[in-house]
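Its first residue numbered 1301, the sequence shown is counted upward by one per residue in the numbering used here.
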Amino acid sequence: MELFSNPELWKYLSIPLIAALIGWITNWLAIKLTFYPLEFIGIPPFLGWQGIIPSKARKMAELSVDATISKIGTIQEVFEQLDPEALAEYIIRTIDPRIEEYVDEAMLKEHQTLWENLPQSVKQAIYARVRKNTPTLVQSLVEDINRNVEDLLDVKKMVIDQLEKDKRLLNRIFL
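Following this line, the structure appears as structure tokens:
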């Protein structure tokens, strides 16, 4: 019992406990300061702080997107997984019930007086012709998209821009 009443023992036993507490607090603070605050607080450029991840949002977003794209493949590879015929059929099924509406809208915009004065039988013939040509047009469109999807859709830029704007979302990726 004499051992536990020795004040020197308590001094030595408290050292690892205090060191562990200080280590835990500094690690917790370092992690918090890595991610927060999202926007700069203080007097720019030297007096203040912004989390490391939010302050380098564009670079961090690029790293994240590059790592993700390397795992899932390019947009061309993803698009090639889609069945072009099934995609074309879906588009046709979606467009077909509204062909009259689309033709009316286009004709009223381009040639309003002519369209309003055409007999209904001529309009019906135009609707039928558009309906007949839609599958060929849609198939051609899907093939063009498939060939040029990388030019049409820059997923990397879209995701990077969004992550740069929404720093909270960027933080969630790294947390």
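All residues carry an ideal CB built from backbone N, CA and C; glycine is no exception.
| Item | Value |
| --- | --- |
| Residues that DSSP places opposite Ile1341 in a beta bridge | Trp1349 |
| Burial state of Leu1470 (16 or more Cβ within 10 Å) | buried |
| Asn1306 versus Ser1314: straight-line alpha-carbon distance, rounded | 13 Å |
| With 16 other Cβ atoms within 10 Å as the buried cut-off, status of Gly1323 | exposed |
| Collapsed DSSP secondary structure at Gly1373 in the structure displayed | coil |
| The stretch 1342–1350 / the stretch 1459–1466 touching (three or more Cβ pairs under 8 Å) | no |
| Val1365 versus Gln1420: straight-line alpha-carbon distance, rounded | 54 Å |
| Nearest neighbour of Ser1440, chosen from Ile1392, Ile1426, Leu1418 [CA to CA] | Ile1392 |
| Helix, strand or coil at Phe1379 [DSSP, three-state] | helix |
| Euclidean distance between Cα positions of Val1449 and Ile1375 | 7 Å |
| Length of the line joining the Cα atoms of Lys1332 and Ile1352 | 10 Å |
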